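Note sheet for the following structure.
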Amino acid sequence: MPGFWTHIIFGKDVLQEVGLDPDSERKGEFNLGCLFTDIGKYCEKNSPEYLLWKLSHTTGCDAFAGVLCRELEGVSRFYVMGVFCHFFLDLSVSQYIMARAGTGYRSGQLEIMIDRTILKERLTADILKLRPLAELPPSIDEELERTIQRTAGEVYNIDSPSITRAVDSMKDIFDDYYGRSRLFLFFKALFLKGESIESAFFRDTHDDPMNFGMRPWFHSIAGWESRLTFRDLYGKAVSDAVRFLHRYLDGEEDWSLPAMSLMTGLPLMEQEDNKNVEGRETTARH
């Protein structure tokens, strides 16, 4: 559930820690892997791309990502390493976002606010002056597209989700905000509804999005309370991903991803037991 830029920056941090160049010519493939199926959330809710995003984060998360990565090792190991980064970041921080903002539009707003905060810390950059599509490859590799479609069919019985279609949908949404004139954005902000996810580009929708004040947040499914900051959880994710990638790059063949939900950070259970996070939106306590 972290936003576009948080996933991209996290991937760069992990690559640097393992001694690889995050700005190599394979950057686009790697970054696409870092986004994994998140690009599907920019599609219509009845689309196969959106369904793939939803299922790959709640049901058989390790099975889908694991099968996909093994199938793609001969196509793009950089994409595979990006998927690993996505997996460990979501595993660590999605529970915080869900606890603070639920799973409806407010979670999307919090994701943007976290993106904004991290970008200002790292790049002192205004988010809407950046070029997000420049972080991705100019076109989608055909074998990558076919492999994702085949794996989605095998694991989830989803018919022909298209990464190209998902990227195009994401681009259409981003083009409405990124790189536009100040005057255009001024009027855009005036007409955005409060429940619009994109309103978080223009105003603060959450107090202390990173929880620097260490206020308690409650995991409503697991039943425990925490005061960890987003930065604490992000740091743990970096350590976990670096440890996993070191083993992977050292040639360990018997690797497996944790059998945990990317939405809740909890061990996967039967689908029937997870309806509260898979089948409807939830509301956070604070």
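Under numbering that gives the first Met the number 0, the residue at position 95 of the sequence shown is numbered 94, and the numbers go up by one with no gaps. The beta-carbon is built from N, C-alpha and C at its ideal position, and this holds for glycine as well. No experiment lies behind these values; they were computed from the predicted model shown.
Quick check: is any heavy atom of the ligand FMN less than 7 Å from the C-beta of residue i?
i: MET169; result: As presented, the structure is devoid of all ligands, the ligand FMN included, so that no description of it is given.
Short of 8 Å in beta carbon distance, which residues of its chain neighbour residue i, apart from the five on each side in sequence? Order them along the chain.
i: GLU72; result: VAL79
i: ARG179; result: LEU127 and LYS187
i: ASP203; result: MET112
i: TYR247; result: MET80, PHE83 and TRP254
i: VAL66; result: THR150, GLU153 and VAL154
i: ASN210; result: TYR95, ARG99, TRP216, ARG226, LEU227, THR228 and PHE229
i: SER91; result: LEU232, TYR233, LYS235, ALA236, ASP239 and GLY264
i: TYR49; result: GLY39, LYS40, CYS42 and GLU43
Can you tell me whether residue i is helix, strand or coil according to DSSP?
i: HIS218; result: strand
i: ALA283; result: Any reading at ALA283 needs caution, since the residue's pLDDT is 44, under 50, leaving its predicted position unreliable; the model's value is listed next. Three-state result, ALA283: coil.
i: TRP254; result: coil
i: MET112; result: helix
i: GLU24; result: coil
i: PRO131; result: helix
i: GLU224; result: strand
i: PRO47; result: helix
i: LEU267; result: coil
i: MET80; result: helix
i: MET259; result: strand
i: LEU286; result: Any answer about residue 286 is impossible in this case: the structure gives the chain only from 0 up to 285.
i: THR36; result: helix
i: SER55; result: helix
i: CYS68; result: helix
i: GLY178; result: coil
i: MET97; result: helix
i: LEU189; result: helix
Could you pull out every residue in the same chain whose Cβ sits closer than 7 Å to the Cβ of residue i, ignoring the five residues on either side in sequence?
i: TYR41; result: ALA165, SER168, MET169 and ILE172
i: PHE87; result: ALA236, ASP239, ALA240 and PHE243
i: LEU54; result: TYR155
Output yes or no for whether 8 Å exceeds the beta carbon distance between residue i and residue j.
i: PHE63; j: LEU34; result: no
i: PRO47; j: ILE113; result: no
i: ASN30; j: ILE7; result: yes
i: THR228; j: MET97; result: no
i: THR163; j: GLU144; result: yes
i: ARG226; j: ARG214; result: yes
In or out: residue i buried (at least 16 other Cβ within 10 Å) or exposed?
i: PHE83; result: buried
i: PRO160; result: buried
i: ALA100; result: buried
i: ASN45; result: exposed
i: ALA221; result: exposed
i: TRP131; result: For clarity, residue 131 is Pro in the given sequence; the question names Trp instead. Per the 10 Å Cβ criterion, buried.
i: ASP89; result: buried
i: TRP288; result: Not covered by the structure: residue 288. The range shown for the chain is 0 to 285.
i: PRO1; result: buried
i: GLU24; result: exposed
i: GLU110; result: buried
Rounded to whole angstroms, how far is the Cβ of residue i from the Cβ of residue j, which I believe are closer than 8 Å?
i: VAL241; j: GLU28; result: The pair is not a contact, with the Cβ atoms about 20 Å apart (cut-off 8 Å).
i: LEU127; j: PHE200; result: 6 Å
i: HIS218; j: GLN94; result: 6 Å
i: LEU267; j: CYS60; result: 7 Å
i: VAL13; j: LEU244; result: 7 Å
i: GLY32; j: PHE77; result: 7 Å
Can you name, in chain order, every residue of its own chain whose Cβ lies under 6 Å from the Cβ of residue i, other than the five neighbours on each side?
i: LYS11; result: PRO21
i: LEU51; result: THR36, GLY39, ALA151, ILE157 and PRO160
i: ALA258; result: ASP61 and LEU267
i: GLU134; result: ILE7 and ASN30
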